[in-house]
Amino acid sequence: MIEARDVSVAIGGKRIVANVDFDMRPGEVAAIVGPNGSGKTTFLKALSGDLAYSGQISINGRDLSVMKPVEAATLRAVLPQATTLSFPFTVREIVRLGLVGGRSGALHGEDERLPERALTRVDLDGFAGRFYQELSGGEQQRVQLARVLCQVWAPVLDGKPRYLFLDEPVSSLDIKHQLIIMGIARDFARRGGGVVAILHDLNLTAMYADRIFVMHRGRLAANGSPQDVLSNDLIEKVFDCRLKVGALPPGDMPFVLPQSVC
Amino acid sequence: MADQSIAGAAGVMATASEGDRSGRARIVILFLCVGLVLVVLLSLTSGASDASAVSVISDWLLGAAPGNEALNARDRLIVYDIRLPRVILGVLIGAALAVSGAVMQGLFRNPLADPGLIGVSAGSSLGAVAVIVLGATVLAPFTSALGTLALPLAAFCGGLATTLLLYQVATRHGRTSVATMLLAGIALAALAMALTGILIFMADDRQLRDLTFWQLGSLAGATWQKIGSVGPVIVLALAAMPFLARGLNALALGEATAGHLGIPVQRLKYTAIVGVSAAVGASVAVSGGIGFIGIVVPHLLRLAIGPDNRYLLPASALLGACLLLLADAVARTIVAPAELPIGIVTAIAGAPFFLWILLRKRGVVDL
Numbered sequence: 001m002i003e004a005r006d007v008s009v010a011i012g013g014k015r016i017v018a019n020v021d022f023d024m025r026p027g028e029v030a031a032i033v034g035p036n037g038s039g040k041t042t043f044l045k046a047l048s049g050d051l052a053y054s055g056q057i058s059i060n061g062r063d064l065s066v067m068k069p070v071e072a073a074t075l076r077a078v079l080p081q082a083t084t085l086s087f088p089f090t091v092r093e094i095v096r097l098g099l100v101g102g103r104s105g106a107l108h109g110e111d112e113r114l115p116e117r118a119l120t121r122v123d124l125d126g127f128a129g130r131f132y133q134e135l136s137g138g139e140q141q142r143v144q145l146a147r148v149l150c151q152v153w154a155p156v157l158d159g160k161p162r163y164l165f166l167d168e169p170v171s172s173l174d175i176k177h178q179l180i181i182m183g184i185a186r187d188f189a190r191r192g193g194g195v196v197a198i199l200h201d202l203n204l205t206a207m208y209a210d211r212i213f214v215m216h217r218g219r220l221a222a223n224g225s226p227q228d229v230l231s232n233d234l235i236e237k238v239f240d241c242r243l244k245v246g247a248l249p250p251g252d253m254p255f256v257l258p259q260s261v262c
Numbered sequence: 001m002a003d004q005s006i007a008g009a010a011g012v013m014a015t016a017s018e019g020d021r022s023g024r025a026r027i028v029i030l031f032l033c034v035g036l037v038l039v040v041l042l043s044l045t046s047g048a049s050d051a052s053a054v055s056v057i058s059d060w061l062l063g064a065a066p067g068n069e070a071l072n073a074r075d076r077l078i079v080y081d082i083r084l085p086r087v088i089l090g091v092l093i094g095a096a097l098a099v100s101g102a103v104m105q106g107l108f109r110n111p112l113a114d115p116g117l118i119g120v121s122a123g124s125s126l127g128a129v130a131v132i133v134l135g136a137t138v139l140a141p142f143t144s145a146l147g148t149l150a151l152p153l154a155a156f157c158g159g160l161a162t163t164l165l166l167y168q169v170a171t172r173h174g175r176t177s178v179a180t181m182l183l184a185g186i187a188l189a190a191l192a193m194a195l196t197g198i199l200i201f202m203a204d205d206r207q208l209r210d211l212t213f214w215q216l217g218s219l220a221g222a223t224w225q226k227i228g229s230v231g232p233v234i235v236l237a238l239a240a241m242p243f244l245a246r247g248l249n250a251l252a253l254g255e256a257t258a259g260h261l262g263i264p265v266q267r268l269k270y271t272a273i274v275g276v277s278a279a280v281g282a283s284v285a286v287s288g289g290i291g292f293i294g295i296v297v298p299h300l301l302r303l304a305i306g307p308d309n310r311y312l313l314p315a316s317a318l319l320g321a322c323l324l325l326l327a328d329a330v331a332r333t334i335v336a337p338a339e340l341p342i343g344i345v346t347a348i349a350g351a352p353f354f355l356w357i358l359l360r361k362r363g364v365v366d367l
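Rendered as structure tokens:
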């Protein structure tokens with residue numbers, strides 16, 4: 001359970017996030033959407049413990065502001081938008097860093113094999129010996145996801161759910177790998193964990209998210225199921241352009257078709 | 001069928017070790033250990049006295065056993081009171097400089113970071129020069145109270161003061177900006193060098209000669225007493241560094257990500273900075289400015305065993321010690337019976353190497 005009450009974040013005197021309430025339960029994929037500069041990443045950073053905030057944030061009932069890095073690291077893993085390296089690490093060495101906290105939750109003695117298994121899951125079989133710096137942007141992003149998966153390999157540890165915080169996990173991926181990565185997020189939630197993901201693709205969001213939080217100018221403009229949130233009026237207003245929202249069977253899954261700039 | 005499963009198992013083992021360079025790193029470290037022993041023996045036995053490696057070893061093994069005359073009294077004096085302190089000091093300082101370089105590079109996520117670059121060495125020099133020039137006048141109470149400890153302590157304080165000042169300038173809201181720290185380090189180094197310049201301007205002729213030689217760097221004048229005053233500092237600092245290795249590895253992904261992985265980043269940075277100040281301050285105090293060991297050694301090792309600090313730090317200590325002893329051997333013998341300041345040797349070998357790193361990396365990897 002993640003609960004955020006009245007969370008505001010100011011950077012350099014400027015309010016980037018204002019009075020956001022956010023709740024999610026384990027078993028859910030929660031998507032945060034909104035235009036550029038609406039405060040999505042800043043809010044996720046506050047949730048990750050990177051930025052000072054006002055208000056209350058708790059993870060599994062524990063107050064985030066009193067948590068030490070090592071405790072937070074057992075509860076959640078964070079995928080940043082992009083990671084650059086200045087040293088020639090191999091892919092395996094990078095993925096293995098996910099195990100540095102020592103609480104992957106895998107069976108005893110399994111940790112050494114996790115990097116290969118995580119790489120297989122993100123469709124990077126055979127990449128372990130390659131140099132990270134020589135990979136494409138999309139491949140690097142998947143390597144980082146494999147690292148994040150190693151950190152919280154078991155979605156539930158000691159009976160407590162764990163969480164993935166993903167900042168634009170599919171932004172530089174082709175369609176097949178977008179589906180693979182979102183499938184991993186879905187699976188993590190199905191097995192009892194929780195996922196918070198910042199996404200730009202509204203259709204992908206509709207396909208995979210249980211709940212959508214729409215941010216607009218630092219505030220929460222709406223939150224609810226895809227069917228509730230993805231309405232023409234709201235989305236057009238928030239993204240400031242003409243969109244057509246329809247529904248696809250089965251289950252009336254919404255889809256969003258861009259039309260034109262207002 | 002059985003063949004297939006064996007082949008399959010072999011395949012799994014091959015992939016399990018793919019991209020894992022820890023095995024190679026262990027072998028390299030083993031080789032460096034052997035190399036260091038050989039270089040130490042070479043250093044002990046080369047020079048004006050003709051005591052051979054065999055005679056030194058047999059003297060060690062037999063000690064003062066009756067009838068043991070492998071070393072005569074003169075050779076024994078040369079080996080134990082002149083060469084051995086110098087070799088031990090060389091090992092300590094070479095290790096301290098190389099490990100400090102590796103730690104700084106990990107901390108700043110920059111393969112070109114070096115204690116010399118961000119002003120730690122300059123701050124240490126300022127402290128040391130102040131004691132040399134003002135020791136008999138303004139700082140007389142300080143130097144007379146501390147005796148031989150005054151110089152290393154002043155160098156340590158100078159280095160630490162520079163680093164803490166730097167840290168204050170570059171840290172805002174509990175986070176340290178690497179770019180600001182590098183730039184501020186250059187400014188502080190310039191300031192420390194200017195203040196050192198003023199002190200040199202005030203120095204008399206005899207002090208000037210001492211200063212010049214000391215600034216160029218040298219292991220000459222190594223004594224058991226000097227080892228006693230700076231050795232414990234360096235050994236303590238070196239002993240703390242391996243505990244930073246895992247944190248420094250995570251830091252390669254950036255400070256935020258290292259924190260997400262559970263590393264207490266601020267404490268890691270603080271420990272690393274104090275440790276590096278202590279090791280570099282102590283080194284500068286006894287041997288002056290010896291450059292390039294801190295950049296060249298970790299870089300060479302990263303090519304050989306990769307950037308994993310769990311292996312890079314011990315390997316740097318060993319290779320740093322080897323290279324400094326070799327440089328000292330060159331410095332002692334190339335213009336014998338006189339000797340070159342060792343800083344000149346490391347700079348002549350290190351500076352072109354540094355340029356080669358830059359040329360090789362140009363356009364391949366962003367520095």
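From first to last, the protein sequence lines are chains W and C.
For the first sequence, the numbering used here puts the final residue at 262, and the numbers step up evenly by one.
For the second sequence, the numbering used here puts the final residue at 367, and the numbers step up evenly by one.
Yeah, the Cβ is synthetic: ideal placement off N, Cα and C, and Gly gets one too.
Which one or two residues does DSSP pair with ALA351(C) in a beta bridge?
None; ALA351(C) has no bridge partner.
Let me know the alpha helix (DSSP H) ranges lying completely inside the stretch 81–161 of chain W, each 4 residues or longer, listed in chain order.
Counting only runs of at least 4 residues, the stretch 81–161 of chain W fully encloses the following alpha helix (DSSP H) elements, listed from N- to C-terminal order: 91–96, 114–121 and 137–151.
Quick one: does ALA73(W) have its CB under 8 Å from some CB of chain C?
Cβ-Cβ to chain C under 8 Å: yes for ALA73(W).
Would you say GLN227(W) lies against chain C (beta-carbon separation less than 8 Å)?
By this cut-off, GLN227(W) is not an interface position.
Is the beta carbon of LEU243(W) less than 8 Å from the beta carbon of VAL261(W)?
Contact annotation: LEU243(W) and VAL261(W) have beta-carbon atoms that are not nearer than 8 Å.
Within 10 angstroms of its Cβ, does LEU107(W) collect 16 or more other Cβ (buried), or is it exposed?
With fewer than 16 other Cβ atoms within 10 Å, it is exposed.
Would you grab the beta carbon distance between ARG147(W) and VAL196(W) for me? Rounded to a whole angstrom, and I think it's under 8 Å.
For ARG147(W) against VAL196(W), the beta-carbon gap comes to about 18 Å, at or over 8 Å, which does not count as contact.
Closest Cα partner of ARG310(C) within the set GLY19(C), ALA25(C), GLU18(C) and SER17(C):
Closest in C-alpha terms to ARG310(C), from the list GLY19(C), ALA25(C), GLU18(C) and SER17(C), comes ALA25(C).
DSSP beta-bridge partners of ARG15(W):
In the DSSP assignment, the residues bridged to ARG15(W) are ALA10(W).
Cross-chain neighbours of SER48(W) in chain C, by beta carbon under 8 Å:
The contacting residues are ALA256 and HIS260.
Under the three-state reduction of DSSP, which class applies to ILE6(C): helix, strand or coil?
Below a pLDDT of 50, predicted positions are generally treated as unreliable, and ILE6(C), at 41, falls in that range; the measurement from the model is reported next regardless. DSSP places ILE6(C) in helix when its eight states are reduced to three.
Is the CB of LEU319(C) under 8 Å away from at least one CB in chain W?
By this cut-off, LEU319(C) is not an interface position.
Which residue wins for smallest C-alpha separation from GLY19(C), given the options ILE180(W), PHE131(W), SER231(W) and ARG162(W)?
Nearest Cα to GLY19(C) within the set ILE180(W), PHE131(W), SER231(W) and ARG162(W): PHE131(W).
Proximal chain W residues relative to GLU18(C), where beta-carbon distance stays under 7 Å
Proximity of chain W to GLU18(C) at the Cβ level (cut-off 7 Å) is accounted for by ARG92, ALA128 and GLY129, in chain order.
From PRO26(W), SER171(W) and ALA10(W), residue whose alpha carbon lies closest to that of THR19(W)
Checking the displayed sequence, the identity of residue 19(W) turns out to be Asn instead of Thr. Among PRO26(W), SER171(W) and ALA10(W), the Cα nearest to that of ASN19(W) belongs to ALA10(W).
Would you check if there are 3 or more beta carbon pairs closer than 8 Å linking the stretch 314–323 of chain C to the stretch 27–35 of chain C?
Of all C-beta pairs linking the stretch 314–323 of chain C to the stretch 27–35 of chain C, three or more are shorter than 8 Å, placing the two stretches in contact.
When THR83(W), ILE212(W) and GLY129(W) are compared against GLU28(W), the one with the closest alpha-carbon
Checking every option, the nearest Cα to that of GLU28(W) belongs to ILE212(W).
Rounded to a whole number of angstroms, what is the C-alpha to C-alpha distance between GLU110(W) and PHE43(W)?
Using only the alpha carbons, I get a separation of about 34 Å.
Does any residue of chain W have a CB that is nearer than 8 Å to the CB of PRO314(C)?
No, its Cβ sits nowhere closer than 8 Å to a Cβ of chain W.
Near-chain W residues of the stretch 291–311 of chain C - C-beta to any C-beta below 8 Å:
Listed in sequence order: ARG302, GLY306, PRO307 and ASP308.
Whole angstroms are fine: how far does the CA of ALA128(W) sit from the CA of SER58(W)?
So the two alpha carbons sit approximately 36 Å from each other.
Name the two residues that bound the continuous beta strand (DSSP E) containing PHE243(C).
No beta strand (DSSP E) holds PHE243(C); DSSP gives it neither H nor E.
Might you give, ordered along the chain, the residues of its own chain that have their beta carbon closer than 7 Å to the beta carbon of GLN105(C), omitting 5 neighbours on each side?
If you ignore the 5 residues before and after GLN105(C), its C-beta comes within less than 7 Å of the C-beta of PRO111, ALA113 and PRO298, all in its own chain and listed in chain order.
Along the stretch 237–259 of chain W, where does the CB come closer than 9 Å to a CB of chain C? Name the residues.
Taking 9 Å as the Cβ-Cβ cut-off against chain C, none of the residues of the stretch 237–259 of chain W qualify.
Could you tell me whether the Cβ atoms of VAL91(C) and LEU44(C) are closer together than 8 Å?
Between VAL91(C) and LEU44(C), the C-beta spacing is not below 8 Å.
Taking ILE295(C) as the reference, which of GLY116(C), PRO141(C) and LEU151(C) has the closest Cα?
The residue with the shortest Cα to Cα distance from ILE295(C) is GLY116(C).
Could you give the distance in angstroms between the alpha-carbon of GLY264(W) and the alpha-carbon of LEU124(W)?
An answer regarding residue 264(W) cannot be provided, because it is not within the stretch 1 to 262 covered by chain W.
Sub-8 Å separation of ALA80(W) and GLY193(W) beta-carbons:
Residue 80(W) is actually Pro in this sequence, not Ala. Not in contact: PRO80(W) and GLY193(W) (Cβ atoms no closer than 8 Å).
Give me the residue from ASP328(C), ALA285(C), VAL120(C) and ARG76(C) with the minimum Cα distance to GLU339(C).
Among ASP328(C), ALA285(C), VAL120(C) and ARG76(C), the Cα nearest to that of GLU339(C) belongs to ASP328(C).
Start and end residues, beta strand (DSSP E) containing ALA221(W):
Boundaries of the beta strand (DSSP E) harbouring ALA221(W): 219–224, taken from the DSSP string.
Residues of the stretch 233–255 of chain C in Cβ contact with chain W at a cutoff of 7 Å, in chain order, please.
Hits within the stretch, in order: ARG246, ASN249, ALA250, ALA252, LEU253 and GLY254.
Cβ-based contacts, 8 Å cut-off: residues of the stretch 144–167 of chain C near chain W
Flagged: no residues at all.
Closest by CA to LEU149(W), which one among LYS176(W), ASP187(W), GLY159(W) and ILE175(W)?
Among LYS176(W), ASP187(W), GLY159(W) and ILE175(W), the Cα nearest to that of LEU149(W) is on ASP187(W).
Complete alpha helix (DSSP H) runs within the stretch 272–308 of chain C (minimum length 4 residues, chain order):
With a minimum length of 4 residues, the continuous alpha helix (DSSP H) runs that stay inside the stretch 272–308 of chain C are 293–305.
What are the boundary residues of the alpha helix (DSSP H) that LYS237(W) is part of?
Where LYS237(W) is concerned, the enclosing alpha helix (DSSP H) stretches over 232–239.
State the DSSP-derived secondary structure class of HIS200(W), mapped to helix, strand or coil.
Note: HIS200(W) maps to coil in three-state DSSP.
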